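Asks:
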Amino acid sequence: MTEIRNFSIIAHIDHGKSTLADRMIEMAGLVDERKYHDQLLDTMDIEQERGITIKSQTVNLPYVGDDGQAYDLNLIDTPGHVDFSYEVSRALASCEGVLLLVDASQGVEAQTLANLYSAMEHDLVIIPVINKIDLPAADIERVKEQIEIDLGLDSDEAILCSAKNGTGVEDVFEAIVNRIPPPTGRKDEPLRALIFDAHYDSFRGTVVTCRVFGGSFKAGDLIRLMSSGAKYKVEEVGVYHLERERRQALSAGDVGYLIAGIKTVADTRVGDTVTLDNRPAETPLAGFKEAKPVVFSSLYPVSSDEYPSLTDALEKYRLNDAALVFQKDSSAALGMGFRCGFLGLLHLEIVQERLEREYGQSIIMTAPTVQYRFRLTNGEEVEVDNPVYYPDPVTIEKSSEPYIRAGMFAPERYMGAIMDLCAERRGENSKFHCPTPGRLEIQFDMPLAEVLFDFYDRLKTVTQGYGSFDYELLDYREGDLVKLDILLNGERVDALSMIVHRDRARTRALQACDRLKEEIPRHMFKIAIQGAIGGTIIARSTVAPFRKDVTAKCYGGDITRKRKLLEKQKKGKKRMKMIGSVTLPQSAFVAVLKSEGKQK
């Protein structure tokens, strides 16, 4: 066990975690030049396309130190986005130390601090690493000063490296071996292994990724999951060398995978403890804090007969993303579906894309909302996260909504633009702090609902990409909340309803009507799109009708031409949903959520 080191790389978005992981994998000789590509640990298409990490990935790196000793280094790569901080907390629970990466040109940012506090909570050894020292804008002395003042770490211990061209990566390896302690725990004690991730393999069942804290197990052993008491026979154990690599056994200190023919997805819970059936551990390991969803939205299959396959897909998806919560829901317009809770808007977007790509689901999502609280005249308090359950306005005595403390880092010159943006979103109690000359930290208390839609996009726009954003939940505060309905030809579409503050209702209604006007295809009749609060219409757009197109008659000619057109039409129809007598494309539901950039 003295030869094992378990560590994680944590940092703000785009500070070079995945690039450093790539360089370490390359130097450990796990991949040859022919198979090398950037973002080796980002295995999903969506991660490669967006250039971000979504899932924590594990890899075992063999390394020979300067003293000639061979080491097994278990690297757990983590995401940087605030929406995936739950993934980071799970990775940290499996480590003894972390590399805290700081960009030499950007310096310490919002998520750098948030991740540092997470590492401190787990009592881990923290090694500061200043990355991207080869950039022309790198200011190493300023960053060292920030590490001392903002992070409270010793800047003399910071390692200088450039993950892109490999400078200083050898020093990083040596620091891991010399500064991070080996894992504790004994091989002869009862088995206790913590499940921190899992995914579904259609041939082998559930593949469980775990960290062994004590004892050992091998193929053929009978294991028990401590939360459910379910028993399984282990078929295979091993470690990740980019691909799964079989091993004889996993013992205390190891990070690896186990396959035990677990077919029912519900049996595997992230945070559960695995133990041996014939010699069980007395107490399970401390699991993870339940992730608290912040944003709520409903998912519906485009076609109602796809509901069972959506149920199956969500079960399998939750195995790989423990932060997603869902329950059954139904809508008059869209039929049976699920009400889902997400950690943020990026999380919602990723879930939607992964369900469509990896599980082949065609889905419709409703406008995201937060959880509101209403006190009724009879003294009862109700929590509402779905506009469908908005109480009768006559019975509401007081309504309140969740507030966040938004922290923004940006260069000083953008202060006015950020102030305007926050004031527009009902921000209050502003505070300013200058961590270093030329950089400003601004704090605002804001309603979470105002941040949901496009706040981050707008912040990036007004700061020309230099602004970073982080938030923490505060409390509930009173506000005048109303239900905004969208009507198509006089018919209410419940999937497009939203709860908004009265001051913002008209702006949001106009925005939704304009977006729908762009997305709804023209029909042979005029379509009225209206925004209403109760019986009062507050916004309207009209989709003009088609004129009859007599030139489009397809008489004569080859039958395959007609068939091709019919096939094309059929594909389009799959993406459509009939609501009343208006054909509403799925893109219309998404368009209502998009940014207001065009109006500015």
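111 is the number of the first residue of the sequence shown in this note's numbering; add one for each residue after it.
Beta carbons are placed, not taken as given, at the ideal position from N, Cα and C, and that holds for glycine.
None of the values given here were measured: they were computed from a predicted structure.
Quick one, which of Pro292, Lys242 and Asp213 has its alpha-carbon nearest asparagine 275's?
Replies: For the purposes of this step, residue 275 is identified with residue 165 of the sequence shown, where counting begins at 1. Out of Pro292, Lys242 and Asp213, Lys242 has the C-alpha closest to the C-alpha of asparagine 275.
Asks: Note the first and the last residue of the continuous beta strand (DSSP E) segment covering asparagine 116.
Replies: Translated into positions along the sequence shown, residue 116 becomes position 6. Taken as a continuous stretch (DSSP letters only), the beta strand (DSSP E) holding asparagine 116 covers 114 to 120.
Asks: Specify the secondary structure class of glycine 475 as computed by DSSP and reduced to three states.
Replies: As a position in the sequence shown, residue 475 is number 365, starting the count at 1. Note that residue 475 is methionine in the sequence shown, not glycine. DSSP places methionine 475 in strand when its eight states are reduced to three.
Asks: Excluding sequence positions up to five away, which residues of its chain have a Cβ less than 6 Å from the Cβ of glycine 207?
Replies: Working through the sequence shown from its first residue, we reach residue 207 at position 97. Answer for glycine 207: Phe117, Leu234, Val235 and Ile290, listed in chain order.
Asks: Our contact map puts asparagine 496 next to arginine 449 with C-beta atoms below 8 Å; I'd like the distance itself, whole angstroms only.
Replies: The residue labelled residue 496 in the question sits at position 386 within the sequence shown. The residue labelled residue 449 in the question sits at position 339 within the sequence shown. Confirmed, Cβ separation roughly 6 Å.
Asks: Would glycine 363 be called buried (16 or more neighbouring beta carbons within 10 Å of its own) or exposed?
Replies: By 1-based counting over the sequence shown, the position of residue 363 is 253. Counting Cβ neighbours within 10 Å, glycine 363 comes out buried, since at least 16 surround it.
Asks: Where does asparagine 241 sit, in a helix, a strand or coil, going by DSSP?
Replies: The residue labelled residue 241 in the question sits at position 131 within the sequence shown. Three-state result, asparagine 241: strand.
Asks: Taking the C-alpha atoms as reference points, what is the distance between aspartate 439 and glycine 447?
Replies: Position 329 of the sequence shown holds residue 439. Position 337 of the sequence shown holds residue 447. Roughly 5 Å separates the two Cα atoms.
Asks: Let me know if alanine 698 comes out buried or exposed under the rule of 16 or more other beta-carbons within 10 Å of its beta-carbon.
Replies: Residue mapping note: residue 698 aligns to position 588 of the sequence shown, counting from 1. Buried: at least 16 other Cβ atoms inside 10 Å.
Asks: At which residues does the alpha helix (DSSP H) containing aspartate 281 begin and terminate?
Replies: Here residue 281 refers to the residue found at position 171 when the sequence shown is read from its first residue. From DSSP, the alpha helix (DSSP H) with aspartate 281 extends over 279 to 289.
Asks: Just grab the DSSP bridge partners of glutamine 553 for me.
Replies: For the purposes of this step, residue 553 is identified with residue 443 of the sequence shown, where counting begins at 1. Glutamine 553 pairs with Gly517 and Lys541.
Asks: Could you say which of Gly526, Arg650, Ser199 and Leu597 lies nearest to leucine 620 if we only look at CA atoms?
Replies: Your numbering for residue 620 matches position 510 in the sequence shown. Checked all of Gly526, Arg650, Ser199 and Leu597; the closest Cα to leucine 620 is Arg650.
Asks: Out of Leu210, Lys297 and Val287, which one is the CA nearest neighbour of glycine 262?
Replies: Position 152 of the sequence shown, counted from the first residue, corresponds to residue 262. It is Leu210.
Asks: Going straight from the alpha carbon of glycine 470 to that of threonine 670, what length do you get?
Replies: Mapped onto the sequence shown, residue 470 falls at position 360. Mapped onto the sequence shown, residue 670 falls at position 560. Approximately 28 Å between the Cα atoms of the pair.
Asks: Return the chain-ordered list of same chain residues with a C-beta closer than 6 Å to the C-beta of leucine 140, the five sequence neighbours on each side being excluded.
Replies: Residue 140 sits at position 30 when you count from the first residue of the sequence shown. The residues are His351 and Leu352.
Asks: Whole angstroms are fine: how far does the CA of alanine 303 sit from the CA of glycine 381?
Replies: Stepping through the sequence shown from its first residue, residue 381 is reached at position 271. Stepping through the sequence shown from its first residue, residue 303 is reached at position 193. Rounded to the nearest angstrom, the two C-alpha atoms are 10 Å apart.
Asks: Is the beta carbon of tyrosine 499 closer than 8 Å to that of arginine 587?
Replies: Along the sequence shown, read from residue 1 onward, the residue named residue 587 stands at position 477. Along the sequence shown, read from residue 1 onward, the residue named residue 499 stands at position 389. It is not a contact, given that the beta carbons lie outside the stated cut-off.
Asks: Please report the distance separating the alpha-carbon of glycine 707 from that of leucine 569.
Replies: In the sequence shown, the residue the question calls residue 707 occupies position 597. In the sequence shown, the residue the question calls residue 569 occupies position 459. Per-residue confidence for glycine 707 stands at a pLDDT of 43, beneath the threshold of 50, marking its modelled position as unreliable; the derived number appears in the next sentence. Going by the C-alpha atoms only, they are around 11 Å apart.
Asks: Distance, Cα to Cα, leucine 583 vs methionine 137?
Replies: For the purposes of this step, residue 583 is taken as residue 473 along the sequence shown, with counting starting at 1. For the purposes of this step, residue 137 is taken as residue 27 along the sequence shown, with counting starting at 1. Each residue's alpha carbon lies about 41 Å from the other.
Asks: With a 10 Å radius around its C-beta and 16 neighbouring C-beta atoms as the bar for buried, classify leucine 185 as buried or exposed.
Replies: By 1-based counting over the sequence shown, the position of residue 185 is 75. Label assigned to leucine 185: buried.
Asks: Is glutamate 491 near the ligand NAP, going by C-beta to nearest heavy atom under 7 Å?
Replies: Inclusion of the ligand NAP in the displayed structure is not the case, the ligand content being empty and no account of it being possible.
Asks: Suppose you measure from the CA of alanine 433 to the CA of lysine 402; what does that come to, to the nearest Å?
Replies: Within the sequence shown, the letter at position 323 stands for residue 433. Within the sequence shown, the letter at position 292 stands for residue 402. Rounded to the nearest angstrom, the two C-alpha atoms are 8 Å apart.
Asks: With a floor of 4 residues, list each alpha helix (DSSP H) that falls wholly inside the segment 312 to 346, ordered by position along the chain.
Replies: none
Asks: Go ahead and label isoleucine 259 buried or exposed: buried means 16 or more other beta carbons lie within 10 angstroms of its beta carbon, across all protein chains shown.
Replies: Here the question's residue 259 lines up with position 149 in the sequence shown. So isoleucine 259 ends up on the exposed side.
Asks: Quick one: any contact between the segment 470 to 488 and the segment 601 to 613, if contact means 3 or more CB pairs under 8 Å?
Replies: yes
Asks: How about leucine 694 and isoleucine 596: are their beta carbons less than 8 Å apart?
Replies: Within the sequence shown, residue 694 is the residue found at index 584, counting from 1. Within the sequence shown, residue 596 is the residue found at index 486, counting from 1. No, they are not a contact pair.
Asks: Between arginine 616 and isoleucine 648, what straight-line distance do the alpha-carbon atoms span, to the nearest angstrom?
Replies: By 1-based counting over the sequence shown, the position of residue 616 is 506. By 1-based counting over the sequence shown, the position of residue 648 is 538. Distance between the alpha carbons of arginine 616 and isoleucine 648 is about 6 Å.
Asks: Roughly how many angstroms separate the alpha carbons of alanine 662 and leucine 675, rounded to a whole number?
Replies: Within the sequence shown, residue 662 is the residue found at index 552, counting from 1. Within the sequence shown, residue 675 is the residue found at index 565, counting from 1. The pLDDT assigned to alanine 662 is 46, lower than 50, so where the model puts this residue is not dependable; a value taken from the coordinates is nonetheless given after this. Cα to Cα, alanine 662 sits roughly 12 Å from leucine 675.
Asks: Would you call the CB atoms of valine 282 and isoleucine 240 closer than 8 Å?
Replies: Here residue 282 corresponds to residue number 172 of the sequence shown, with the count starting at 1. Here residue 240 corresponds to residue number 130 of the sequence shown, with the count starting at 1. No. Outside cutoff.
Asks: Per DSSP, asparagine 170 forms a beta bridge with which residues?
Replies: Here residue 170 refers to the residue found at position 60 of the sequence shown. Looking at the DSSP assignment, asparagine 170 forms a beta bridge with Asn184.
Asks: By Cβ distance, which residues of its chain are closer than 7 Å to leucine 424, with the 5 residues on each side in sequence left out?
Replies: If you number the sequence shown from 1, residue 424 lands on position 314. Closer than 7 Å at the Cβ level, and outside the excluded window around leucine 424, lie Phe436 and Phe448.
Asks: If I measure Cβ to Cβ from alanine 273 and keep anything under 6 Å in the same chain, skipping five residues before and after, which residues do I get?
Replies: On the sequence shown, position 163 is the one that residue 273 refers to. Cβ neighbours of alanine 273 beyond the five flanking positions: Gly126, Thr129, Leu130, Arg133 and Asn241.
Asks: Could you have a look at glutamate 255 and say whether DSSP puts it in helix, strand or coil?
Replies: Walking along the sequence shown from the start, residue 255 turns up at place 145. In this structure, glutamate 255 counts as helix in the three-state DSSP scheme.
Asks: Let me check understanding here. Comparing Cα to Cα, which of Leu270, Glu355 and Arg389 lies closest to glycine 325?
Replies: The count along the sequence shown starts at 1 and reaches residue 325 at position 215. When each option's Cα is compared against that of glycine 325, the closest is Arg389.
Asks: In or out: asparagine 488 buried (at least 16 other Cβ within 10 Å) or exposed?
Replies: Counted from its first residue, the sequence shown places residue 488 at position 378. So asparagine 488 counts as exposed.
Asks: Could you round the C-beta distance between proline 246 and alanine 391 to whole angstroms and report it? I think they count as a contact, below 8 Å.
Replies: What you label residue 246 is simply residue 136 of the sequence shown in a count that begins at 1. What you label residue 391 is simply residue 281 of the sequence shown in a count that begins at 1. Not really, about 55 Å apart at Cβ, beyond 8 Å.
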